[in-house]
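Counting from 16, one number per residue, gives the positions in the sequence shown under the working numbering.
Even for Gly, the Cβ is constructed at its ideal location relative to N, Cα and C.
All of these numbers come straight from a predicted model, not from anything done at the bench.
Below is one structure, written out as structure tokens, with a few remarks after it.
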Amino acid sequence: IEKINKLGMPLEQWTNKSCTAEFSVGDDWATLYFIESKEEGKGHATELLEEAKKHYESAGMTFGGSVALNERMKSIYQRLGITEYDE
């Protein structure tokens, strides 16, 4: 986990193989802000999100994701039980 700052917003950046994800983290919550995989279909994003969800929830935090921009991401959210914040 690396702490980064993007446009004035502090984020935690995670990597797994070809995948990079950024999370916005508050006192009792963490939300997926951005995710990108350079090798789609290999499961790298799913593995990363599964690990992040476990990490944040084990720390007593609510874990969710920003709006899924495609059906593949929506499917990952559903499989892993990640709440999609679509409002």
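Would you identify the three-state DSSP class for residue i, choosing helix, strand or coil?
i, result
"K21", "strand"
"I16", "coil"
"S52", "strand"
"A83", "coil"
Between which residues of its own chain and residue i is the CB-CB distance below 7 Å, once the five residues before and five after are set aside?
i, result
"A83", "K89, Y92 and E99"
What span of residues does the alpha helix (DSSP H) with residue i cover, start to end?
i, result
"I91", "E86 to L95"
Taking the beta strand (DSSP E) that residue i falls in, what are its first and last residues?
i, result
"A67", "It is not in any beta strand (DSSP E) - A67 instead sits in the alpha helix (DSSP H) that spans H59 to S73."
Alpha carbons only, please: which of the options is nearest the one belonging to residue i?
i, options, result
"G23", "R94, S33 and S39", "S39"
"K68", "R87, A36, E55 and E17", "A36"
"I50", "I19, E102 and W29", "W29"
"E102", "L64, K21 and G80", "G80"
Is residue i near the ligand NAD, going by C-beta to nearest heavy atom under 8 Å?
i, result
"E51", "In the structure shown, the ligand NAD is absent, as is every other ligand, since no ligand is present at all."
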